[in-house]
Amino acid sequence: MKFNYAYEDMLDRALSNLPEKVFEQSRFEIPRCDSFTMGNRTIVKNFQEIVQNMNRDANHLMKFLSGELATSGNFESRGAIFQGRFSSHQINEKIEKYANTYVLCHECRKPDTKLMKEGRIVFLQCEACGARHSVRSI
């Protein structure tokens, strides 16, 4: 069985089947926290903005940060509150680690992903390239 397709025709057909998100060149910037220390507590004022920018659940990010900072924390209308004194640099490093693990696709590095749970395994599903990777559950 022999096919008489030109390479360019097959390439054009393959490119036309790809989703538009693959061709977008928008740059995703990991949001920086705006925090201050009040007594023995650290308050992240723009926590809600960070969660919306990453398109993730606030509870998921809060669990991750609490575990990484080895402290307890909760979030309210004024932001996230962590027990202990932490610099903005420390919190930003943890947010960047979260984004690299749970937000950015491991293949194409785009933020167009969602977390899916199948049984006891959590997967990071990319909506741009279709890649799927298992990630550690929190």
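Just so you know, our numbering puts 111 at position 113 of the sequence shown, and the rest follows in order with no gaps.
By construction, the Cβ of each residue, glycine as well, lies at the ideal position given by its N, Cα and C atoms.
Around the beta carbon of G71, 16 or more other beta carbons lie within 10 angstroms, which makes this residue buried.
H131 has L122 as its beta-bridge partners, per DSSP.
M114 has F121 as its beta-bridge partners, per DSSP. Annotation for E91: the continuous alpha helix (DSSP H) segment containing it runs 86 to 100. Secondary structure of I79 (DSSP, three-state): strand. In this structure, the CA atom of E47 is about 44 Å from the CA atom of M8. Within the DSSP bridge table, the entry for I41 names F34, I79 as partners.
Per DSSP, the continuous beta strand (DSSP E) segment holding E74 begins and ends at 71 to 74.
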